[in-house]
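Trainee: Residues -15 to 106 in the working numbering are what the sequence shown lists, from first letter to last. Backbone N, C-alpha and C fix where the C-beta goes; we use that ideal spot for every residue, glycine too.
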Amino acid sequence: MADKLMIIMVNTDPANGSELGAPFFQATVAAAMEYEVEVILTARSGELAKKGVAEKLFVMEGSPKSVYDFIKDAHEAGVHFKVCTPTLELWGDDLIPEIEETVGGAYVIQQAMDEDVVTLTY
């Protein structure tokens, strides 16, 4: 059984807040279950790594909790956040403090092919 969960957020549109809750919630739950968890933000979803973006987004209208609050909760639970290097060219490098590392495509492929890693893509 795999002991690591890698969530790749690539197609999740930050403009549609209802798409953003599940990946961060699942990451938080998996970390609470003591799995090693990392979330990789890339392409369109990489904008969430930019300071000031996730703070203005909400999963549900009227919710007091921003998408950034979900990110902070996941990080506090032990989730590791990474951003794909080409994403920095799209959205800049003024990143939220929860981003621990920038990684390239080879890292993502290597992890996805590892038999000890389960990969979810959003």
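Which residues bound the alpha helix (DSSP H) around ILE93?
Mentor: Run containing ILE93: 89 to 97, per the alpha helix (DSSP H) assignment.
Trainee: Using CA coordinates, which residue listed in ASP53, VAL13, VAL102 is at the minimum distance from GLU82?
Mentor: Answer by Cα proximity: ASP53.
Trainee: Using beta-carbon positions only, say whether ALA38 and VAL51 come within less than 8 Å of one another.
Mentor: Contact flag set, yes.
Trainee: Might you give, ordered along the chain, the residues of its own chain that have their beta carbon closer than 6 Å to the beta carbon of THR105, omitting 5 neighbours on each side?
Mentor: Answer for THR105: ILE(-8), listed in chain order.
Trainee: For the candidate residues GLY46, ALA27, MET44, GLN10, whose alpha-carbon lies nearest to that of VAL21?
Mentor: VAL21 has its Cα closest to that of GLN10, out of GLY46, ALA27, MET44, GLN10.
Trainee: Count the other C-beta atoms from every protein chain shown that fall within 10 angstroms of the C-beta of GLY30, then say buried if there are 16 or more, exposed otherwise.
Mentor: With 16 or more other Cβ atoms within 10 Å, it is buried.
Trainee: Mapping DSSP to helix, strand and coil, what is GLU22?
Mentor: Strand at GLU22.
Trainee: Which residue's Cα is closest to the Cα of ASN0: MET17, ARG28, ALA16?
Mentor: Taking only the C-alpha atoms, the option nearest ASN0 is ARG28.
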